[in-house]
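Data block below; observations after.
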Amino acid sequence: MPATERRSTRFRRLLQSPELEFLLEAHNGISARIAEEAGFKGLWAGGLCLSAQYGVRDSNEASWTQVLEMLEFMADATTLPILLDGDTGYGNFNNVRRLVRKLEERGVAAVCIEDKLYPKTNSFIGGERQQLAEIDEFCSRIRAGKDAQRDDDFCLITRIEAFIAGWGLGEALRRAEAYHAAGSDGILIHSALASPREVLAFKREWGERSPVLIVPTKYYSTPTDVFREAGFAIAIWANQLLRAAIPAMQQCAATLAREQTLVAVEDRIAPVAEIFRLQGASELEAAEERYLPRRDRDDRVIVLAASRGSALGELTADRPKTMVEVRGQPLLAHIASAWNAAGLKHLTVVRGYLPAAVDLPGLRYADNADYADTGELWSLACGLAAPGQTSGDLYVCYGDVIFRRHLIDLLSEPADDFTIVVDADWRESVNRGRAADYVRCSEGHSRQAYYREIWLERCDAGLPEAECHGEWMGFLRVRAAAVPRLRALVTTLTAAPAGRRAALSEMLTALVAAGEKIRVIYTTGHWLDVDSVADVLNAGRFA
Ligand code: SPV
Ligand code: MG
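In our numbering, the protein residues as written are 1 to 543.
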């Protein structure tokens, strides 16, 4: 069957096929998909199961628009034609014709209406007490439905409840004749007997005048070949998927209530991945690749946090500086949160002093065992050598510098291979007499600097004041394509004994000397280098 063929056309083919065909009940999107995967060529959207999945009775307690809503999900979830069990048509001729229009709009192939009165009752609940519709009035529902359809292949099936209501074959045939004349595309003859006696008798008399459908729920033990030989068009398995789910859910619920552990059920239930598969999650993933702008989710951050921070005295007796608490959280947690908030989740923390004390969850760790005798550059080399490399950009920062997230955004923006953020308020550090990585750039900070591209010339703690344009806070971004060049330089520098003790600032200067261009983004404030006990107190205010 060509997939492009309309569902109504495919349903009509099933109805007119010389073979016995089958419809399986589905009551929501996922059951519809399961039925399709099993190989069924069409679905029965039965009132019993649709109302049951809503938790209400099969007595028109769910409104017809609620039924329609679920049908839309079912139609979206499969390519199969759906025959809706339209109960009695939800009213008179006027309701039937509106129903037909709405079904066509939502891609439902066919509807079946039964010759009873609204609100209906399920055929297996006191069937003998159920009142049949007047034949004339029911024929008006059929005619109105057929007149309303715009698609020639849309089918209207009429269901005869004469046997259910305790009438005989004569009444069933009289009704079939009238409904056929009114334009019905097929007859569903229903029976509540445990044997197929009634439906076989009907079929024998009715012959081939129009296709005949059956719902063998009660005469389930009849061999299917009996239906084939009798020439029925379609057998509807009307409620088996829901009935299969009920004991499975009951057992699972009872086990969990009793055992209070998921281990008791895990091996007997579908994996979550199976839900994703049935939902078509892989299609969405592929679509995201096609439509969403690419985010460099593969970017990675190396946090250099090996030093003790002796100036903090007692505070770092049992932990390194990065684990000193500020507002109830270690500095490292504040740092990780800022990166995470900017969308970067692969963080490798280079530990040194008391590594076991650095154990926040969700982070990767690399250890610089020689931290006491090596410098920042060696720690970076340890971070670069750690497993879990990603193919994206590389970011570097210090484990004792807390900062506002916008600094990451500034760092992320330029397309250049190397970018650093530089604080133009460098005199503050000078006034405090603290050691800092001072930088000389292609030009100093000014309003015009926002429009210009500024480049690093030198980074050095001992830079003369006259040459100084700002202070580097340790934030570096290296584009993915330039990471191998950075690695090569780090390897060369650390091969020399002095290189093992080198500071990161020396690496920046060496990069410039090697001909690399390091883009400088000026900013002022919004970061804090925690070097002293006073800084810890300030950090509390900052965080
Ligand atoms: C249904 O599945 O909702 C039906 C068939 O109408 S029966 O429950 O047998 O009436
Ligand atoms: Mg029904």
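Glycine included, each C-beta is placed from N, C-alpha and C at the ideal position.
Alpha-carbon to alpha-carbon, residue j and residue i
i: A238; j: R290; result: 40 Å
i: S184; j: L284; result: 41 Å
i: R405; j: C397; result: 13 Å
i: P554; j: I234; result: Nothing can be reported for residue 554: it is not among the residues displayed for the chain, which extend from 1 to 543.
i: H346; j: A385; result: 15 Å
i: A336; j: L312; result: 22 Å
i: A32; j: H190; result: 24 Å
i: R519; j: A510; result: 15 Å
i: V533; j: A435; result: 16 Å
i: M1; j: S282; result: Low confidence applies here, because M1 scores a pLDDT of 41, under 50, leaving its location unreliable and the question unanswered by this model.
i: D417; j: A488; result: 15 Å
i: K102; j: L394; result: 55 Å
i: R159; j: L68; result: 20 Å
i: P196; j: V100; result: 31 Å
i: A357; j: E428; result: 33 Å
i: E325; j: Y451; result: 40 Å
i: H469; j: R440; result: 5 Å
i: A502; j: I302; result: 17 Å
i: C459; j: G328; result: 35 Å
i: S210; j: D136; result: 20 Å
i: S123; j: A192; result: 8 Å
i: P497; j: A461; result: 20 Å
i: Q149; j: R143; result: 10 Å
i: W167; j: E266; result: 51 Å
i: V108; j: T121; result: 24 Å
i: D409; j: A342; result: 7 Å
i: E198; j: A110; result: 25 Å
i: D367; j: L486; result: 20 Å
i: R106; j: T9; result: 15 Å
i: L360; j: A338; result: 15 Å
i: E471; j: E506; result: 14 Å
i: N92; j: E259; result: 52 Å
i: N60; j: Y54; result: 12 Å
i: E104; j: K218; result: 31 Å
Environment of residue i [buried if 16+ CB atoms lie within 10 Å]
i: R7; result: buried
i: F40; result: buried
i: H330; result: Correcting the residue identity first, residue 330 is Pro in this sequence and not His. Per the 10 Å Cβ criterion, buried.
i: T523; result: buried
i: F475; result: buried
i: L251; result: As written in the sequence, residue 251 is Gln, which differs from the Leu given in the question. Q251 comes out exposed.
i: L256; result: exposed
i: Y551; result: Since the first and last residues shown for the chain are 1 and 543, residue 551 lies out of range.
i: T374; result: buried
i: R477; result: buried
i: E128; result: exposed
i: F276; result: exposed
i: T65; result: exposed
i: V350; result: buried
i: G207; result: exposed
i: D529; result: buried
i: P320; result: buried
i: M249; result: exposed
i: E516; result: buried
i: R573; result: Nothing in the structure corresponds to residue 573, since the chain is present only between 1 and 543.
Contact test: residue i Cβ vs the ligand SPV heavy atom, cutoff 7 Å
i: V108; result: no
i: D85; result: yes
i: T121; result: no
i: N239; result: yes
i: F124; result: yes
i: T217; result: yes
Expected contact under 8 Å - CB spacing of residue i and residue j to nearest Å
i: L456; j: V512; result: 6 Å
i: R500; j: W378; result: 5 Å
i: G540; j: D423; result: Actually they do not touch by this definition, with Cβ atoms about 21 Å apart.
i: G399; j: L332; result: 6 Å
i: I125; j: G89; result: At roughly 20 Å, the Cβ-Cβ gap does not stay under 8 Å, so I125 and G89 are not in contact.
i: E36; j: T79; result: 7 Å
i: V212; j: R141; result: Contact flag wrong, Cβ pair sits at about 20 Å.
i: L43; j: L23; result: 6 Å
i: A230; j: K203; result: 5 Å
Residue i Cβ short of 7 Å to the ligand MG heavy atom set
i: D115; result: no
i: G91; result: no
i: D58; result: yes
i: G47; result: yes
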